[in-house]
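**Q**
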Ligand code: S3P
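Numbering (our numbering), first residue to last: 143 to 574.
Put into structure tokens, the structure is as follows:
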């Protein structure tokens, strides 16, 4: 288990303006799509984190030149649609599911065989979900760990398919759409419910023909891709920790500037508003083709809600925070149809329930979800939290500590570097 413990004592209130790190999903996509453009791509505000570093290292291993300029500015010299080279050793996706599941989409159209591997946690996450559709597309791909990494992908001809996604997974959708760039006709992907659409937005900006009607996306084979500069907005999933912290800690008032608010990501805003949160959205200039808002959050009393499975694709990474908000609400909060949580960087249903129960929250797991009986604003006792090497559980523990009576010590806090290396400084900056 990486790292030592970090203590998060109770906080009286949070006040101030907090600039947030860049969006992780959009940064990954800018690097991956940039790698197959045929003109240099400038990316501004690229996220500096372990996961996105893994994607940059991966494309560099495949022959893409990456110039790292100051303050998150990068210039990528892409290889063109079919110019990626296979490295002599395995591409190391480290802890990053997005790297491991999106890259095979573009590798499907390259010459040669590529090997992808990751850390122990990534090796436990299912890869058959991308292997199955890519095989249908005629790609020679194998999950060598019997459904799990390492993955071997040998590129070549790609068949267009019409694919019903079995789960609302943006990673799987993206792998199929990226492979669809190399197809012999239009590829269609149908989502069971909405999940993030950053890949579609960026591919369209790069000149690919992408048509979207509700939950159905159609992509046509591309001749070449070119991206103008990509500006990455702040990450809604990172903002989410402070949206919930400022809501549940009485007397708080926090401004989160220039946050990406793509509606396929903002299920948490809908849930929090239904619970009674006080969040004001002010329009800000778009970035990377995505809508952006400044978010103003003030503390509020909450009531419990039911969160059904249909919305979970729009709030999947924020569901741990819904549990914590539920602990402060009046009444029950029930999250169901969220079995996907068990397949993240850790089994997040277990991680949420065991950790929150351990600090005094009344919470119970059931298959595919959990129920929280809220304490109507009473702060939980506090105690110990285990990150399980999962960045989102580590940050959940930190916010829980700030909102508790006795503080929370988070074991293995260092893994926050996966998405938000300066999280602790951000939280402390709001404590004045
Ligand atoms: C992501 C998609 C989601 C999300 C992950 C990032 C992406 O995963 O949980 O953190 O960037 O496409 P799934 O596709 O497994 O739902």
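We treat Cβ as the ideally placed atom computed from N, Cα and C, and that holds for glycine.
(1) What are the start and end residues of the beta strand (DSSP E) that includes residue 437?
(2) How long is the line joining the alpha carbons of residue 259 and residue 193, rounded to whole angstroms?
(3) Please report the Cβ distance between residue 151 and residue 525, rounded to the nearest whole angstrom; I am assuming they are in contact, meaning their Cβ atoms lie under 8 Å.
(4) Suppose you measure from the CA of residue 241 to the CA of residue 448; what does that come to, to the nearest Å?
(5) Going along the chain, which residues of its own chain have a beta-carbon closer than 8 Å to the beta-carbon of residue 350, five neighbours each way excluded?
(6) Just the C-alpha distance for residue 348 and residue 220, rounded to the nearest angstrom, thanks.
(7) Start and end of the alpha helix (DSSP H) containing residue 338?
(8) To the nearest angstrom, how far is it from the Cα of residue 392 to the Cα of residue 147?
(9) The alpha helix (DSSP H) that contains residue 408, what's its start and end?
(10) Between which two residues does the beta strand (DSSP E) containing residue 487 stretch?
(11) How do the segment 246 to 255 and the segment 290 to 298 stand: do at least 3 beta-carbon pairs fall below 8 Å, yes or no?
(12) So is residue 245 buried or exposed if we call it buried at 16+ other beta carbons inside 10 Å?
(13) Under the DSSP definition of a beta bridge, which residues are partnered with residue 305?
(14) Starting from residue 197, trace the alpha helix (DSSP H) in both directions and tell me its first and last residue.
(15) Within 10 Å of its beta-carbon, does residue 508 have 16 or more other beta-carbons around it, so buried, or fewer, so exposed?
(16) In angstroms, rounded to a whole number, what distance separates the CA positions of residue 568 and residue 466?
(17) Taking only three categories from DSSP, how would you classify residue 474?
(18) Among the residues of its own chain, which have a CB less than 7 Å from the CB of residue 558, if the five just before and after it don't count?
(19) With distances taken from CA atoms, which of 326, 327, 305 is nearest residue 317?
(20) According to the neighbour-count rule (16 or more other Cβ atoms, all chains shown, within 10 Å of its Cβ), is residue 143 buried or exposed?
(21) Use the C-beta contact count for residue 427: other C-beta atoms within 10 angstroms, 16 or more gives buried, fewer gives exposed.
(22) Pull up the distance between the alpha-carbon of residue 472 and that of residue 516, whole angstroms please.
(23) Give a single yes or no on whether residue 312 has its beta carbon closer than 7 Å to a heavy atom of the ligand S3P.
(24) Any idea what DSSP makes of residue 298, helix, strand or coil?
(25) What's the C-alpha gap between residue 497 and residue 208?
(26) Looking at the structure shown, is residue 208 part of a helix, part of a strand, or coil, going by DSSP?
(27) Determine the direct distance from the alpha carbon of residue 440 to that of residue 554, and round the result to whole angstroms.
(28) Around the C-beta of residue 262, are 16 or more other C-beta atoms found within 10 angstroms, so that it is buried, or is it exposed?
(29) Suppose you measure from the CA of residue 158 to the CA of residue 395; what does that come to, to the nearest Å?
(30) Can you tell me whether residue 520 is buried or exposed? The criterion is at least 16 other CB atoms within 10 Å of its CB, across all chains shown.
(31) Are the beta-carbon atoms of residue 387 and residue 196 separated by less than 8 Å?
(32) Could you spell out where the alpha helix (DSSP H) holding residue 568 opens and where it closes?
**A** The relevant details are as follows:
(1) 432 to 440
(2) 14 Å
(3) Wrong, their Cβ atoms sit about 13 Å apart, outside the cutoff.
(4) 33 Å
(5) 323, 361, 362, 364, 367
(6) 13 Å
(7) That residue, residue 338, is in no alpha helix (DSSP H); it is neither H nor E in DSSP.
(8) 26 Å
(9) Looking at the DSSP string, residue 408 is not in any alpha helix (DSSP H), and its letter there is neither H nor E.
(10) Here residue 487 belongs to no beta strand (DSSP E), and DSSP marks it neither H nor E.
(11) yes
(12) buried
(13) 331
(14) 192 to 203
(15) exposed
(16) 19 Å
(17) strand
(18) 533, 536, 537, 565
(19) 305
(20) Confidence in residue 143 is poor, its pLDDT being 42 and thus under 50, which makes the residue's placement too unreliable to answer from.
(21) exposed
(22) 5 Å
(23) yes
(24) coil
(25) 40 Å
(26) strand
(27) 30 Å
(28) exposed
(29) 7 Å
(30) exposed
(31) no
(32) 565 to 571
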